[in-house]
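Below is one structure, written out as structure tokens, with a few remarks after it.
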Amino acid sequence: IALEVGLPQMAKEQAERVVGDMPAMLPAYGFLVQAQLDLLEPIDGTLGLVHRNVPNSALGAYLAARASTKEKKWEDAIKGYAELLEREPGNVHAEYHLTHALHRSGDFDGAMASLKKIVIGNGPYRALAGNDLAYLLAEHQPDGLEEAYAVAKQALAIPRHIKVRLQATNEW
Numbered sequence: 034i035a036l037e038v039g040l041p042q043m044a045k046e047q048a049e050r051v052v053g054d055m056p057a058m059l060p061a062y063g064f065l066v067q068a069q070l071d072l073l074e075p076i077d078g079t080l081g082l083v084h085r086n087v088p089n090s091a092l093g094a095y096l097a098a099r100a101s102t103k104e105k106k107w108e109d110a111i112k113g114y115a116e117l118l119e120r121e122p123g124n125v126h127a128e129y130h131l132t133h134a135l136h137r138s139g140d141f142d143g144a145m146a147s148l149k150k151i152v153i154g155n156g157p158y159r160a161l162a163g164n165d166l167a168y169l170l171a172e173h174q175p176d177g178l179e180e181a182y183a184v185a186k187q188a189l190a191i192p193r194h195i196k197v198r199l200q201a202t203n204e205w
């Protein structure tokens, strides 16, 4: 809750306490890294703890990719999400964040290909991915305006209870 209401210092302190008491508690590392990123603090030590305390977890790869995204290191983010997707091919959350990194790196075709995978699925990012895909098609494929319109219309038709809540980020 502390992260949701803009209290990263409190979130950091709570997460550090949990990690100290239960070193294998993966969610605590996620909250700790997010708080550190929000506070513009380095996360290398926390990533080291994840790798040491929970060595076979995909969380380390995910946190490193998210940190690269936050730091706008797009190639590192792409590599991290790709590695995570090799371990967890059905991770639509990682796939969606990969599309953002691809877009920001200038790989619009890669971003659109990744978004198309999400749109044809039945996951929670389908509406967001449809919206993003429509935008990229309209912006980068002038001959694809009809497809962009159809994709946007399809995204809008997805029932509200399926749509993912948008967070206030500047990712797109």
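Under the numbering used here, the first residue of the sequence shown carries the number 34, and numbering increases by one thereafter.
Where a beta carbon is used, it is the ideal one built from N, C-alpha and C, also for glycine.
From a predicted model like this one, the values you see are computed outputs, not experimental measurements.
Between which residues of its own chain and R120 is the CB-CB distance below 8 Å, once the five residues before and five after are set aside? A91 and A94
Compare the C-alpha of D77 against each of L96, L59, P88 and Y114 and name the closest. L96
Identify which residue in V152, K106 and G139 has its Cα closest to the Cα of E128. V152
Simplified DSSP state of G143, which is helix, strand or coil: helix
For a cutoff of 8 Å on Cβ pairs, would you count V38 as touching chain C? Protein chains in the displayed structure number just one, and chain C is not present.
Give me, in chain order, the residues of the same chain whose beta-carbon lies closer than 7 Å to that of E49; leave out the 5 immediate sequence neighbours on both sides. L65
Where the alpha helix (DSSP H) containing G93 begins and where it ends: L92 to K103
Can you tell me whether R99 is buried or exposed? The criterion is at least 16 other CB atoms within 10 Å of its CB, across all chains shown. buried
With respect to the alpha helix (DSSP H) encompassing P41, which residues constitute its N-terminal and C-terminal limits? P41 to D54
Measure the C-alpha to C-alpha separation of G81 and A171 and round it to an integer number of angstroms. 42 Å
Any heavy atom of the ligand MG within a distance shorter than 7 Å of the CB on V152? Annotation note on the ligand MG: not contained in the displayed structure, which lists no ligands.
Whose C-beta lies closer than 7 Å to the C-beta of V87 among residues of the same chain, with five residues either side of it excluded? A57 and L59
Can you have a look at I111 and say buried or exposed, based on whether 16 or more other CB atoms are within 10 angstroms of its CB? buried
Quick one: grab the DSSP three-state call for G78. helix
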